[in-house]
Amino acid sequence: MTDLLLTIVHHLLAFTLAGVIAVEAVLVRPGLGRRGLALLGRVDAAYGALAGLLVLIGAARVYFGLKGWEFFIYNPTFWAKMAAFTAVGLLSIAPTIRIARWRAAGGGEAYIVPDAEIAHVRRFITAEVAVFALIPIFAATMARGY
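For the sequence shown, the residue numbers in the UniProt record's numbering are 1 to 146.
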């Protein structure tokens, strides 16, 4: 029963994280101003919290799951999945820093984030989405014994 619950929570967190990345991609667009920045800041904080919870639940699955930790640590597909997740996390650092800077600078009602900065952050988010798409591919291959 523990394995089932951990798996359910793990999958729900992963799908929610994918949704949050999609929300960030929608919010980071030309014309982003003070009100949008407030929402974007909350979404980005949720992104970090969800990623942290996903790591914790994933670790619990490795240690307490039915397959046992040996299945995971000796599986190269598992490590490819971890590398993809780490890459997504690293790619998310630049947008998080920019969002924090924008929020600090955007105290005035008329503040609009410059389009060049929006384009820069959107490139990182697009890369996050592309690498994130590899994670379920690795998970599916791993579940089938590859």
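The beta carbon of each residue, even a glycine, is placed where N, CA and C say it ideally should be.
Distance, Cα to Cα, residue i vs residue j?
| i | j | result |
| --- | --- | --- |
| L56 | L50 | 10 angstroms |
| F64 | D3 | 7 angstroms |
| K81 | I97 | 25 angstroms |
| A119 | Y146 | 38 angstroms |
| F138 | G52 | 20 angstroms |
| G108 | D44 | 21 angstroms |
| A110 | V9 | 42 angstroms |
| G41 | V131 | 23 angstroms |
| S92 | W102 | 15 angstroms |
| P100 | G48 | Here residue 100 turns out to be Ala, not Pro, going by the sequence shown. Each residue's alpha carbon lies about 13 angstroms from the other. |
Determine the extent of the alpha helix (DSSP H) in which residue i is found, giving its start and end residues.
| i | result |
| --- | --- |
| G106 | It is not in any alpha helix (DSSP H) - G106 carries neither H nor E in the DSSP assignment. |
| L32 | No alpha helix (DSSP H) holds L32; DSSP gives it neither H nor E. |
| T6 | Inspection of the sequence shows that residue 6 is occupied by Leu rather than by Thr. Taken as a continuous stretch (DSSP letters only), the alpha helix (DSSP H) holding L6 covers T2 to L27. |
Restricting to Cα atoms, I'd like to know which of the options is closest to residue i.
| i | options | result |
| --- | --- | --- |
| I135 | E24, A45, G58 and A100 | G58 |
| P76 | I8, T141 and H10 | T141 |
| A133 | R101, A83, G106 and A110 | A83 |
| V88 | F72, I99 and T126 | T126 |
Ordered along the chain, which non-local residues of its own chain (more than five positions away) have a Cβ less than 8 angstroms from that of residue i?
| i | result |
| --- | --- |
| G31 | I112 |
| L5 | none |
| G36 | L27 |
Which same chain residues, not among the five before or five after residue i, have their C-beta less than 7 angstroms away from its C-beta?
| i | result |
| --- | --- |
| V62 | W69 and F72 |
| V23 | V43 |
Q: Entirely within the stretch 106 to 144 and at least 4 residues each: give me those alpha helix (DSSP H) ranges in chain order.
A: 115 to 132 and 134 to 143
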